[in-house]
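A.B. asks: As numbered in our numbering, residues 308 to 680 make up the sequence shown, in order.
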Amino acid sequence: MKTAILGAACLIMCSNTAFAANAVRAPFGALSDGTKIEAVTLTNGAGMSAKIMTLGATLQSLAVPDKAGHKDDVVLGYDTAQEYLTRPNYFGASVGRYANRIAKGKFSLDGKGYTLVTNDGPNSLHGGPKGFDKRVWKIDAVTSGPDARAVFSYVSADGEEGFPGELKVTATYSLNEQNELKLEYKATTSKPTVLNLTNHSYFNLSGNDARDVMGNMVTLHAAKFTPVDATLIPTGERRAVAGSPFDFRTPHRVGDRIRDARDQQIRYGRGYDHNFIVDGAAGSLRPAAVVNDPVSGRTMEMSVSAPGIQFYTGNFMDGTFFGKAQRSYRQGDAICLEPGVFPDAPNHADFPTARLNPGQTYINTIVYKFSAK
Ligand code: BGC
């Protein structure tokens with residue numbers, strides 16, 4: 308009798324183990340200076356897998372089933388770690404310390420001025436020339452279970468790339484059986500500082516970049532966006548999207564209004580490269596965006612805790628560089644949806660704050676949920 312009960316328990320455990328999401332750590336080659344890179348692959352029983360490498364805590368590949376059950380990679384990137392440094396484009400990267408732009412690379416905090424290196428015309432972009440995407444992160448934990456999980460960490464020295472305070476950062480990726488990939492950035496600081504951490508995945512739901520994203524249907528739960536100047540710095544205005552090419556409150560094809568040059572914002576961005584103000588209260592998870600590829604049937608629903616989300620359509624990709632499997636990447640080949648505080652927030656007192664004080668914990672949570680039909 309006892310044996311029978313134990314046997315039944317084992318059966319239940321065994322089936323749980325078989326379907327539980329799995330996390331596996333393995334080498335992922337080396338940089339040209341010999342630095343070894345590792346990756347963790349999270350796999351679930353529903354056909355999804357996500358590979359994250361230590362360079363930039365980067366989502367290097369993301370396999371998602373289409374409506375027929377075929378698994379394809381739905382994120383742009385490179386086959387080898389070194390290419391992410393040789394031809395940086397923030398593919399899948401964890402971006403910091405300040406994702407997006409800081410005007411003229413200058414801000415002040417408590418009356419003291421700070422100057423960052425400018426790496427995007429007159430502005431600082433994505434944390435400067437050697438941001439978090441170009442740093443080798445540590446792997447702190449790898450766990451299988453109902454949610455497969457990998458925790459990456461990086462300690463950014465006081466003054467790194469011009470930012471004050473030693474910043475301790477973690478990026479936790481987890482995958483569950485409901486095809487939800489969750490990403491949580493956390494940070495603490497030794498001095499008051501500013502930060503904006505995000506993930507910069509370039510999604511192409513056709514899989515292996517079979518088609519561009521102009522036919523994708525996008526919904527953005529945002530009644531307002533922040534218009535920019537010619538250098539893509541927000542003017543400070545919060546403009547209603549109603550009646551403009553920026554109105555994605557109901558699903559629209561990406562390509563339908565992307566060439567509408569009557570709208571100066573489309574001209575400045577060469578298409579979409581704008582921060583949308585996510586409806587609802589920042590700080591708790593709420594729906595922000597839906598992307599659907601009608602051909603493969605794949606849908607990605609994003610929920611975010613951040614106040615804003617940058618919608619970028621790969622406008623600066625010009626076909627001069629090649630990604631995985633020697634695919635040439637061109638304008639409109641991907642959709643980036645980067646949740647965070649607003650661009651240039653350190654220079655806009657009335658934007659949600661980018662400030663972090665010692666004793667506080669910064670949290671930015673992103674959930675990407677996939678389905679196909
Ligand atoms: C920015 C684009 C920039 C791209 C670089 C996006 O977050 O909004 O302007 O070209 O990152 O990969």
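Positions of the beta carbon are idealized from the N, C-alpha and C atoms, including for glycine.
None of the values given here were measured: they were computed from a predicted structure.
Whole angstroms is fine: what's the gap from A517's alpha carbon to V371's?
C.D. replies: Each residue's Cα considered, the two are about 14 Å apart.
A.B. asks: Taking E544 as the reference, give the member of D536, G550 and S551 with the closest Cα.
C.D. replies: Selected option, being the one with the closest Cα: D536.
A.B. asks: Near D570, what residues of its chain come up, given a Cβ to Cβ distance below 7 Å and the 5 sequence neighbours on each side ignored?
C.D. replies: Within the same chain, D570 has close Cβ partners S551 and P552.
A.B. asks: Straight-line CA distance for S678 to S481?
C.D. replies: About 17 Å.
A.B. asks: Do R634 and N523 have their CB atoms nearer than 9 Å?
C.D. replies: Going by C-beta atoms, R634 is not nearer than 9 Å to N523.
A.B. asks: What separation, rounded to the nearest whole angstrom, lies between the Cα atoms of E468 and K378?
C.D. replies: The alpha-carbon atoms of E468 and K378 are separated by roughly 39 Å.
A.B. asks: Give the list of continuous beta strand (DSSP E) stretches no shorter than 3 residues that lie fully inside the stretch 545 to 596.
C.D. replies: If we require 3 residues or more, the beta strand (DSSP E) runs fully inside the stretch 545 to 596 come out as 580 to 584.
A.B. asks: In or out: K358 buried (at least 16 other Cβ within 10 Å) or exposed?
C.D. replies: Buried: at least 16 other Cβ atoms inside 10 Å.
A.B. asks: If you compare alpha carbons, which of D417, G418, K413 and R566 is closest to T425?
C.D. replies: Nearest C-alpha to T425: K413.
A.B. asks: Quick one: using the 10 Å Cβ neighbour count with 16 as the cut-off for buried, is R605 buried or exposed?
C.D. replies: Buried, because 16 or more other Cβ atoms sit within 10 Å of the Cβ of R605.
A.B. asks: Considering only their Cβ atoms, is the gap separating A641 from Y461 smaller than 9 Å?
C.D. replies: Result no, Cβ atoms of Y461 and A641 do not sit closer than 9 Å.
A.B. asks: For a test of the three-state rule: what should DSSP assign to A464, helix, strand or coil?
C.D. replies: The answer is coil: DSSP assigns A464 none of H, G, I, E or B.
A.B. asks: So, at 6 Å on beta carbons, what are the nonlocal neighbours of V561 in its own chain, with the 5 sequence-adjacent residues on each side left out?
C.D. replies: Answer for V561: V520, M521, N523 and V525, listed in chain order.
A.B. asks: Tell me the rounded alpha-carbon separation between R442 and G420.
C.D. replies: Roughly 26 Å between the two C-alpha positions.
A.B. asks: Among the candidates H528, N407 and Y405, whose CA atom is the shortest distance from the CA of V598?
C.D. replies: It is H528 whose Cα lies nearest to the Cα of V598.
A.B. asks: Does the beta carbon of F649 fall short of 8 Å from some heavy atom of the ligand BGC?
C.D. replies: False, no ligand heavy atom lies under 8 Å from that Cβ.
A.B. asks: Span of the beta strand (DSSP E) holding Y385?
C.D. replies: Looking at the DSSP string, Y385 is not in any beta strand (DSSP E), and its letter there is neither H nor E.
A.B. asks: Contact between the stretch 427 to 440 and the stretch 331 to 348: three or more CB pairs below 8 Å?
C.D. replies: Judged by Cβ distances under 8 Å, the stretch 427 to 440 makes no contact with the stretch 331 to 348, as fewer than three pairs qualify.
A.B. asks: Please check the pair Q638 and G615, which I expect to be a contact at CB under 8 Å, by giving their CB distance rounded to whole angstroms.
C.D. replies: About 23 Å; that fails the 8 Å criterion.
A.B. asks: I'd like the span of the beta strand (DSSP E) that includes T306, first residue to last.
C.D. replies: Examination of residue 306 is not possible in this model, given that the chain is present from 308 through 680 alone.
A.B. asks: Using alpha carbons as the reference points, say which of T672, P646, D657 and V458 lies closest to F583.
C.D. replies: Nearest C-alpha to F583: P646.
A.B. asks: When the Cα of A464 is compared with those of F532, S603, F623 and G403, which residue comes out closest?
C.D. replies: A464 has its Cα closest to that of G403, out of F532, S603, F623 and G403.
A.B. asks: Cβ-heavy atom distance between Y619 and the ligand BGC below 8 Å?
C.D. replies: Because some heavy atom of the ligand BGC lies under 8 Å away, the Cβ of Y619 counts as near it: yes.
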